[in-house]
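J.: First residue of the sequence shown? That's 2 in this note's numbering, and the numbers climb one at a time after it.
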Amino acid sequence: EWWRLQTGWHPKMMLGVELYGKTLGIIGLGRIGSRVAEFAKAFGMKVIYYDIKRKEELEKKLGVEYRDLDTLLQEADIVTIHVPLTKETYHLLNEERLRKMKRGALLINTARGAVVDTDALVKALKEGWIAGAGLDVHESEPLDPNHPITAFKNVVLLPHIGSATYETRHRMAELVAENLIAFYKGEVPPTLVNKEVVNIRKPGFG
2 EWWRLQTGWH PKMMLGVELY GKTLGIIGLG RIGSRVAEFA KAFGMKVIYY DIKRKEELEK
62 KLGVEYRDLD TLLQEADIVT IHVPLTKETY HLLNEERLRK MKRGALLINT ARGAVVDTDA
122 LVKALKEGWI AGAGLDVHES EPLDPNHPIT AFKNVVLLPH IGSATYETRH RMAELVAENL
182 IAFYKGEVPP TLVNKEVVNI RKPGFG
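(1) Around the Cβ of GLY22, are there at least 16 other Cβ atoms within 10 angstroms (buried) or fewer (exposed)?
(2) In whole angstroms, what separates the C-alpha of ILE53 from that of GLY29?
(3) Starting from LEU221, follow the alpha helix (DSSP H) in both directions and report where the run begins and ends.
(4) Taking the alpha carbon of VAL78 as the reference point, which residue from GLY105, ARG113, TYR91 has its own alpha carbon closest?
(5) Counting only the same chain and skipping the five closest in sequence on each side, list residues whose C-beta sits under 8 Å from that of PRO12.
(6) Since I believe VAL116 is in contact with LEU136 (beta carbons under 8 Å), could you give me their beta-carbon distance rounded to a whole number of angstroms?
(7) Starting from the C-beta of LEU107, find all residues in its chain whose C-beta is less than 8 Å away, skip the five residues before and the five after it, and write them out in chain order.
(8) At what residues does the alpha helix (DSSP H) containing ALA178 begin and finish?
(9) What separation, rounded to the nearest whole angstrom, lies between the Cα atoms of GLY207 and GLY45?
(10) In terms of alpha-carbon separation, which member of THR8, VAL138, LYS101 lies closest to THR111?
(11) Note the first and the last residue of the continuous beta strand (DSSP E) segment covering LYS47.
(12) Is it buried or exposed for VAL199, if we count other Cβ within 10 angstroms and need 16 for buried?
(13) How many Å lie between ARG55 and GLY31 at the Cα?
(14) Between the C-alpha atoms of PHE184 and THR151, what's the straight-line distance to the nearest angstrom?
(15) Do GLY26 and GLU57 have their beta-carbon atoms positioned less than 8 Å apart in this structure?
(16) My output table needs one value for GLU66: the three-state DSSP class, helix, strand or coil.
(17) Do you know offhand how far ASP73's Cα is from LYS186's?
(18) Rounded to whole angstroms, how far is the Cβ of GLY64 from the Cβ of LYS88, which I believe are closer than 8 Å?
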């Protein structure tokens, strides 16, 4: 009702688009990106991906296709980001790359805010290079309520709570405990990132 009062009634009011038949472009086919691919395939989407390493076994398992980054941006109806923030991924989606996206495409970022150049994204939205965006993460958190990105009606913003369920938080706590236990038992923690340290001496006191 609020939306009707703001925009007036018309036959196409609140109409959306189907996921079926659309092309999803996943940037980063890791653990999370792979799960997103599974969900997307269930909706009948074509899934393409970019990763720094091509993953042919996952391609066969998930039914996804590899693209270089620029080609992915040109083909995808929806682009979703699932990479860590590193010096290589900082502003990975800059103005040059955002301009490669379809005019009707959507950008989703639930990874890390600085993977996307926010100033370039504001420009892209203002000038209509893309159709809209969904952001759970931001370059500066908490997001300034007066930031230009908040002015767009075609942008959905969340305060980094995309994983905020009781079950997820419980599993996160369990995972922390499992990593600590493995570490103090002299074992490799299950979610170790810097694996080059595994040959360092076992932890001890004194």
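C-beta atoms are modelled at their ideal positions from N, C-alpha and C, and glycine is treated no differently.
T.: Result, derived from the coordinates:
(1) exposed
(2) 8 Å
(3) Residue 221 lies beyond the range of the chain shown here (2 to 207); nothing can be said about it.
(4) One point to set straight first is that residue 78 is Asp, not Val, in the sequence displayed. Minimum Cα distance to ASP78 is reached at GLY105.
(5) none
(6) LEU136 to VAL116, Cβ: 11 Å. No contact.
(7) ASP78, ILE79, VAL80, ILE131, ALA132, GLY133, ALA134, GLY135
(8) Where ALA178 is concerned, the enclosing alpha helix (DSSP H) starts and stops at 167 to 185.
(9) Reliability fails at GLY207, whose pLDDT of 48 lies under 50, so the model's placement of it is uncertain and no value is given.
(10) VAL138
(11) 47 to 51
(12) exposed
(13) 11 Å
(14) 43 Å
(15) Cβ atoms of GLU57 and GLY26: not closer than 8 Å.
(16) strand
(17) One detail in the question is off: residue 73 reads as Leu in this sequence, not Asp. Cα-Cα distance, rounded: 44 Å.
(18) Not quite, the Cβ-Cβ distance comes to about 33 Å (not below 8 Å), so this is no contact.
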